[in-house]
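Asks: Here it is: the structure, laid out below.
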Amino acid sequence: MIRRLLHYSSPRARRLLVTELAFIVATAVLQGVAFLLLVPLLRALFLGDMTAVRSWLIALTAVGAGYAVAFWFASQFGTKASTAVLDSLLRRLGDRLVELPIAWFGVDRSGLITGIATHGAMFVSTTPYAIVRLIITGLVTPATVLVGMFFLDWRLALAMTATVPVLWFAFRWLSTGMGRDDAEHSAAIADASNRVIEFARVQPALRTAGDNSIADHLVENALQRQHRAYRGLLITGGAGIAAFAAFVQLALTVVIVLGAYLAVGGSLEPATLIALLVLGVRFTEPIANSGALGGGVAIAKTTLNQFDDLYNLTPLPEPDRPATPKDWGVTFDGVTFGYGGPAVLRQLSFTAPTGTMTAIVGPSGSGKTTIVKLIARFYDPEAGTVAVGGIPVPELGTAVVEAAVAPVFQDVYLFDDTILNNVWIGNPDLSRKDVIAAATRARVDEIAARLPGGWDARVGEGGSNLSGGERQRVSIARALLKDAPIILLDEATAALDIGNEIAIGDTLDAIRADRTVIVVAHRLQTIMTADQIIMLNDHGGIEEAGTHTELLAATGPYARYWRERVDATGWQLTRR
Amino acid sequence: MSDRAEDFFAPVRSSLAGIVGLSLLGAVTGVVPFVAVVELARTLLPALDGGAVDERRVWAIVVIAVAALFVGFAAAFTSAMVAHLVDARLQLSLRQRIVRHLQRLPLGWFDTRTSGTVRKLVENDVTALHQLVAHAIQDVVTAIAVPVICTVYLFTVQWQLALAALLPLVFAMVLYVLMMRGGVEKYRQYESAIERLSGATVEFVHGIAVVKRFGQLGRSHRRYRDETRDYVHFIGQWTRDSAAWFSVVEMVTSPVVVLVYLVAVGAWLVSAGTAEPIDVLPGLLLGLGLTGPVVKLGTSGQFLRNATKAQQSLAGFLALPPVPQAASPRVPAGHDVDVEDVSFGYDEEHRVLHDIAVACRPGTVTALVGASGSGKSTLAKLVPRFYDVSQGRVSIGDADVREISSPELYRSVGFVFQDVQLLRTSLRDNIRLSRPDATDDEVERAARAAQIHDRILRFDRGYDAVVGDDANLSGGEAQRVTIARALLADPPILVLDEATAFADPDSEAAIQAALSALAAERTVLVIAHRLHTIVGVDQILVLDGGRGVERGSHTELVAAGGRFARMWADYQANHARSRPEGVHG
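Read top to bottom, the protein sequences are chains A and B. Quick note on numbering: the numbering used here labels position 50 of the first sequence as 50, and the sequence is numbered without any gaps. Count along the second sequence from 1, add 1000, and you get the number used in the numbering used here.
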């Protein structure tokens, strides 16, 4: 664990940590020496040799003073080291996040990362002093005493040494057992909380179901399972700790019985025995307790494992020298992709020539959004190539693709800043006037007019003051500012907001010329006016492709789809 | 602890005495081996001067010491184990209470609560109580019993040394109190620092895609770095300040320092002739163990504070008033819905609805129309009693909804809103949620009517496919499953959000068909967004600022030339623009 901690630490934190650990070992050794000095001291005391008592006392005080100094430095370096480690962990975390492929952020990672940044990093940074120190002391001090024992009475020392491997195995067994049950318990906790949250979320539906519904059983079973897992963890952990502590007591019993036997037989001086027993009964406690500290290390390891996971992710390959595309057309050639699972796209090939608009339609789950994400290089395909301007995307590199593509996706993130600044991100080089002009084209002016403070109104955390449709308008405005040659548009499925639909339509009209536009289309207007329509099927392939007129004339699946959609626009809840 | 807190621990109170008793036994027997070593020394000492040793006494002491060692350990261990198992039981019972309470809260409570609130209750708060039950009792008993027993014993042996042994304990306690001053304030600052850091981290993670795409990486990264720098600075300052105190306390109470101090005092007393050499031994053995339990209690203070806070938050949740139930419930006579002069506000000051009246007859459709914020969703939610009215009444079959028992009310009123309410269980169980006794045939019929049967059959396990596991549904498909559920429940009164139909453009037509099937032959109240979908309904209630401004059929309202007529004209203009030229519904 310490090795991994050092790995993630800055050179300064590493130096501080190593110094801290050195002082901790020193305190532990000095503590052992102090305990050992008790043997001759007590012996002299019982024999009434006050001169000897005085000299041993001076020696003990000197060791005690050394211990206090080492202790002080250990704590001072410990404080500095923990702050430095905290700093390096947070820095490494931030730097790594920047390097990770964008696809990794496709699911919400904020919970995980916030957990690491706040409590995780804090816990790890305090572990060396709060936990590792106690473990080191629990091991090094008894070891020092044991070594010293050989000089005092080799028979007792040998008897104690014999218990060491037993204790070691007991400790290992305890740690692995607890680790396993802890994993099971964590899974059960997650499952149970998800069930309770689900239970709360679907309360309206459950009121209709009444008491004792299916949901009641689901949540009760999950709670019982968690209870059982927790009890299992307690029993394994309890049994392990009991066994470990029992072995420690057993070792002590051996010393007491053997010591008493030797003392009664006259071959061990009573003063030495008494001193050794003082050591035995007083100082086995920390060893027995160190068994329980393993849990703290396990918690710290969880965070370090999360760090390892972050660093084990392989970023997408980048070229040494990015190639230059000849134009901005997009080509898919035999592309297969499935997010690591079953293929969503299978052997998909099509061309979206530069300066044209391609509309992608198809049933939900057919991979429409996946196509757009592959062009934006969230991922590289598992087989086949995605090319821009005739050059495979990996040879262009992520930076070139990112610069060439303006994405308008459904999951729009807004910073807790003003509405204008949120648009401005699209191109910080422009003037305020230009930004407002572009924002107005995307109908963001309507939002600004609604909010107190106008263009300088804050959008709230994550844009919470704006509706879904309004957020997408901001996203469109950003794309307008960016003025990139390829536009990727995932039309909002929340077709409810007519104002938003019109904004999308106007924007498309404004930017279509000279640009390659690829749009996951829902609006009939968009679909109809596209230069090319690609209709996907359920199996990740292309069902039909062509222009609106051609496809309607073919009276195939597209024509059926079109008919259904047109009918839907005229739907009335009741007809009389 | 308050009465509420007592109530909290009621399920486990009988075990608490056992935990205290065992902890006490453990503390007492834990002291015995130390006394035994002293007695062993007393028995063996004559051998130093070549005298005879009472062998039987030696072995008796050895047996007692070893027995006490194991009994003491067993008692302490059993007490800890019992405490943990009791904690497990308490956690289960609390989680069950939370679930039961969720079931009785007004539905309106769930509107504003994110899953975060519930997660905090069942995960963090319940777990935070762990320290209180599983550790605090034993810690407190030990921290009191061990020093008391040891001190009493030491005073009977040699009072000067006993006094000397108490000194580090007193010193540690004084320092500890000094150290804790201002601790609460610092802790509050720590919590707010954590909050700022997690805010910056969340924004960094969420925004990373945006900033990367627009080449603005530095900006967002900078905020994260600034926040982390401030945070690390604060933590550094705090630990530096408190660590100095802590190290002093820890050092003063450390075995080595106490050892040197006690040996020095003992040696001085012996050479002054005040004490016998053997009398030094008890002070040394027991004096070393005095401070340990107290220091341990001090360090667990933070956990206890968290536990207390968690307990307050749980008590606050459980004290939330449940939906009031009528003492003598009424059964609705018929399926008329009458809204009579209803006013409503989420709090005392802000009225959302003012004096609204509307009557919905069985077999008719009433549409609620108005701008967002006009109160149409709130009004609709009063019928299934998400909230209770402030004035006036909402009645079903002439019975006030507040006087109808919950099971009866929800048998009469069904609702389909925009948020999809599916459970992670089989599709079959999701459909028959409110009618668990429904046959497979009935489930299938409902699914067919809701236009989702064919889709379900395309899953490998069909109706047994589990939502979220092997049944991944699009928004529109999930909507159709909830519509199938409502069809199977077959409530005579239905409250509907028409926006449901537009959740997923690709299955819009299917959802529309499902909704039309659902709306037939019932008392229907629909929240309308797209005016053309309600052209044919029986009556339209136009809301503005929480007041009913117009009421009538589509034709009547258009002819009246009032607010609705203007809305209709605007709507038609926009709607025409949003549809392709040459396409007419």
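Every residue gets a Cβ at the ideal spot worked out from N, C-alpha and C, and that includes glycine. Since this is a predicted model, take the numbers as computed values, not measurements.
1. Evaluate residue 58 of chain A with the Cβ neighbour count: other Cβ atoms within 10 Å of its Cβ, from every protein chain shown; 16 or more gives buried, anything less gives exposed.
2. Ignore the nearest five residues each way along the sequence and tell me which others in residue 1070 of chain B's own chain have a CB closer than 8 Å to its CB.
3. Using the Cβ count rule (16 or more neighbours within 10 Å means buried), how would you classify residue 129 of chain A?
4. Indicate the three-state DSSP secondary structure (helix, strand or coil) for residue 331 of chain A in the structure shown.
5. Would residue 204 of chain A pass as an interface residue toward chain B - the criterion being a Cβ-Cβ separation below 9 Å?
6. Taking C-beta to C-beta, are residue 213 of chain A and residue 91 of chain A nearer than 9 Å?
7. From B:1232, B:1161, B:1164, pick the residue whose C-alpha is nearest to that of residue 1194 of chain B; which is it?
8. Can you give me the start and stop residues for the beta strand (DSSP E) that residue 1189 of chain B sits inside?
9. Measuring straight from C-alpha to C-alpha, what distance separates residue 105 of chain A and residue 1293 of chain B?
10. Can you tell me where the beta strand (DSSP E) holding residue 1340 of chain B begins and where it ends?
11. Give the C-beta separation of residue 1482 of chain B and residue 1421 of chain B to the nearest angstrom, bearing in mind that I take them to be a contact with Cβ-Cβ under 8 Å.
12. Quick test of your reading: residue 1353 of chain B and residue 1546 of chain B, contact by CB under 8 Å. State the CB separation rounded to the nearest angstrom.
13. For residue 507 of chain A, return the contacting residues in chain B, with the cut-off set at a CB-CB distance below 7 Å.
14. For the alpha helix (DSSP H) containing residue 1290 of chain B, name the first residue and the last one.
15. Please confirm if residue 537 of chain A has its CB atom under 9 Å from at least one CB of chain B.
16. Check the Cβ of residue 1055 of chain B against every Cβ in chain A and list those closer than 8 Å, keeping chain order.
17. Taking only beta-carbon atoms, is residue 1361 of chain B less than 9 Å away from chain A?
18. Per DSSP, residue 392 of chain A forms a beta bridge with which residues?
19. For residue 390 of chain A, count neighbouring C-beta atoms within 10 Å of its own C-beta (all shown protein chains included) and say buried if the count is 16 or more, exposed if not.
20. Counting only the same chain and skipping the five closest in sequence on each side, list residues whose C-beta sits under 7 Å from that of residue 1452 of chain B.
21. Going along the chain, which residues of its own chain have a beta-carbon closer than 7 Å to the beta-carbon of residue 494 of chain A, five neighbours each way excluded?
22. With a cut-off of 8 Å, do at least 3 Cβ pairs link the region 245 to 259 of chain A to the region 1056 to 1067 of chain B?
23. Any chance the CB of residue 1319 of chain B is under 8 Å from a heavy atom of the ligand GTP?
24. Our contact map puts residue 83 of chain A next to residue 1239 of chain B with C-beta atoms below 8 Å; I'd like the distance itself, whole angstroms only.
25. Whole angstroms is fine: what's the gap from residue 1130 of chain B's alpha carbon to residue 1139 of chain B's?
26. So residue 535 of chain A is in the beta strand (DSSP E); what residue range does that whole segment cover?
27. With contact counted as at least three CB pairs below 8 Å, one residue from each stretch, are the region 399 to 416 of chain A and the region 337 to 348 of chain A in contact?
28. Compile a chain-ordered list of the residues in the region 468 to 488 of chain A whose CB is closer than 8 Å to at least one CB of chain B.
29. Verify whether the separation of the beta carbon atoms of residue 1154 of chain B and residue 1291 of chain B is less than 9 Å.
30. Taking only beta-carbon positions, decide if residue 1445 of chain B is within less than 9 Å of chain A.
31. What does DSSP give as the partner residue(s) for residue 1395 of chain B in the beta ladder?
32. Take residue 1188 of chain B as the anchor and find which of B:1306, B:1134, B:1370 has the nearest alpha-carbon.
33. For residue 227 of chain A, return the contacting residues in chain B, with the cut-off set at a CB-CB distance below 9 Å.
34. Expressed to the nearest angstrom, what Euclidean distance is found between the alpha-carbon atoms of residue 496 of chain A and residue 1498 of chain B?
35. Using the three-state DSSP reduction, which class does residue 1354 of chain B fall into: helix, strand or coil?
36. Using a Cβ-Cβ cutoff of less than 6 Å, which residues in the same chain neighbour residue 412 of chain A once the five nearest sequence positions on both sides are dropped?
Replies: Once the coordinates are examined:
1. In the first sequence, the residue the question calls residue 58 of chain A occupies position 58. That one is exposed.
2. Counted from its first residue, the second sequence places residue 1070 of chain B at position 70. Around residue 1070 of chain B: no qualifying Cβ.
3. For the purposes of this step, residue 129 of chain A is identified with residue 129 of the first sequence, where counting begins at 1. Answer is buried; the Cβ neighbour count reaches 16.
4. Here residue 331 of chain A refers to the residue found at position 331 of the first sequence. Note: residue 331 of chain A maps to strand in three-state DSSP.
5. As a working note, residue 204 of chain A is residue 204 in the first sequence. It does; some Cβ of chain B falls within 9 Å.
6. Here residue 213 of chain A refers to the residue found at position 213 when the first sequence is read from its first residue. Here residue 91 of chain A refers to the residue found at position 91 when the first sequence is read from its first residue. For residue 213 of chain A and residue 91 of chain A, no; Cβs fall outside 9 Å.
7. Counting from 1 along the second sequence, the entry for residue 1194 of chain B is found at position 194. Per the Cα distances, B:1232.
8. The residue given as residue 1189 of chain B occupies position 189 in the second sequence. From DSSP, residue 1189 of chain B is part of no beta strand (DSSP E) but of the alpha helix (DSSP H) over 1183 to 1213.
9. Start at 1 with the first residue of the first sequence, and residue 105 of chain A comes out as number 105. Start at 1 with the first residue of the second sequence, and residue 1293 of chain B comes out as number 293. Each residue's Cα considered, the two are about 48 Å apart.
10. Against the second sequence, residue 1340 of chain B aligns to sequence position 340. Note, residue 1340 of chain B: beta strand (DSSP E), 1337 to 1345.
11. Residue numbering aside, residue 1482 of chain B sits at position 482 when the second sequence is read from its first letter. Residue numbering aside, residue 1421 of chain B sits at position 421 when the second sequence is read from its first letter. Rounded, the Cβ-Cβ distance is 6 Å, consistent with contact.
12. Within the second sequence, the letter at position 353 stands for residue 1353 of chain B. Within the second sequence, the letter at position 546 stands for residue 1546 of chain B. Right, their Cβ atoms sit about 5 Å apart.
13. For the purposes of this step, residue 507 of chain A is taken as residue 507 along the first sequence, with counting starting at 1. None at all; the shortest Cβ gap to chain B is about 14 Å.
14. Taking the second sequence and counting its residues from 1, one reaches residue 1290 of chain B at position 290. That residue, residue 1290 of chain B, is in no alpha helix (DSSP H); it is neither H nor E in DSSP.
15. Position 537 of the first sequence, counting from 1, holds the residue named residue 537 of chain A. No - not a single Cβ of chain B is within 9 Å of the one on residue 537 of chain A.
16. Along the second sequence, one-based indexing puts residue 1055 of chain B at 55. The contacting residues are 264.
17. Looking up residue 1361 of chain B in the second sequence gives position 361. It does not; no Cβ of chain A falls within 9 Å.
18. As a first step, residue 392 of chain A must be located in the first sequence, where it is residue number 392. For residue 392 of chain A, which the question treats as bridged, DSSP gives the partners A:387.
19. Here the question's residue 390 of chain A lines up with position 390 in the first sequence. In summary, residue 390 of chain A is exposed, with fewer than 16 beta-carbon neighbours lying within 10 Å of its beta-carbon over all protein chains present.
20. Within the second sequence, numbered from 1, the residue matching residue 1452 of chain B stands at position 452. Around residue 1452 of chain B, the same chain offers 1477, 1480, 1481, 1484 as residues with beta carbons nearer than 7 Å, after the five sequence neighbours per side are excluded.
21. Counting from 1 along the first sequence, the entry for residue 494 of chain A is found at position 494. Only weak support is given to the placement of residue 494 of chain A: the predicted model assigns it a pLDDT of 49, under 50, and the value that follows is read from those uncertain coordinates. Closer than 7 Å at the Cβ level, and outside the excluded window around residue 494 of chain A, lie 468, 469.
22. Taking 8 Å as the limit for Cβ pairs, the verdict is that the region 1056 to 1067 of chain B does touch the region 245 to 259 of chain A.
23. Annotation note on the ligand GTP: not contained in the displayed structure, which lists no ligands.
24. Residue mapping note: residue 83 of chain A aligns to position 83 of the first sequence, counting from 1. Residue mapping note: residue 1239 of chain B aligns to position 239 of the second sequence, counting from 1. 6 Å between Cβ atoms; contact.
25. Counted from its first residue, the second sequence places residue 1130 of chain B at position 130. Counted from its first residue, the second sequence places residue 1139 of chain B at position 139. Going by the C-alpha atoms only, they are around 13 Å apart.
26. Locating residue 535 of chain A in the first sequence gives position 535, where the first residue counts as 1. Residues 532 to 536.
27. no
28. 478, 482
29. The residue labelled residue 1154 of chain B in the question sits at position 154 within the second sequence. The residue labelled residue 1291 of chain B in the question sits at position 291 within the second sequence. For residue 1154 of chain B and residue 1291 of chain B, no; Cβs fall outside 9 Å.
30. Here the question's residue 1445 of chain B lines up with position 445 in the second sequence. No, residue 1445 of chain B does not count as interfacial toward chain A.
31. Position 395 of the second sequence, counted from the start, is the residue given in the question as residue 1395 of chain B. DSSP, once it has assigned bridges, lists B:1338, B:1400 as partnering residue 1395 of chain B.
32. Here residue 1188 of chain B refers to the residue found at position 188 of the second sequence. The option with the nearest alpha carbon to residue 1188 of chain B is B:1306.
33. On the first sequence, position 227 is the one that residue 227 of chain A refers to. Those are 1088, 1089, 1091, 1092, 1095, listed as they occur along chain B.
34. As a working mapping, residue 496 of chain A is identified with position 496 in the first sequence. As a working mapping, residue 1498 of chain B is identified with position 498 in the second sequence. At residue 496 of chain A, the pLDDT of 44 sits below 50, so the modelled position is not reliable; the number obtained from the coordinates is stated separately. Straight-line Cα distance between these residues: approximately 10 Å.
35. Taking the second sequence and counting its residues from 1, one reaches residue 1354 of chain B at position 354. Three-state DSSP puts residue 1354 of chain B in a strand.
36. Within the first sequence, numbered from 1, the residue matching residue 412 of chain A stands at position 412. So the qualifying residues of the chain are 471, 472, 475.
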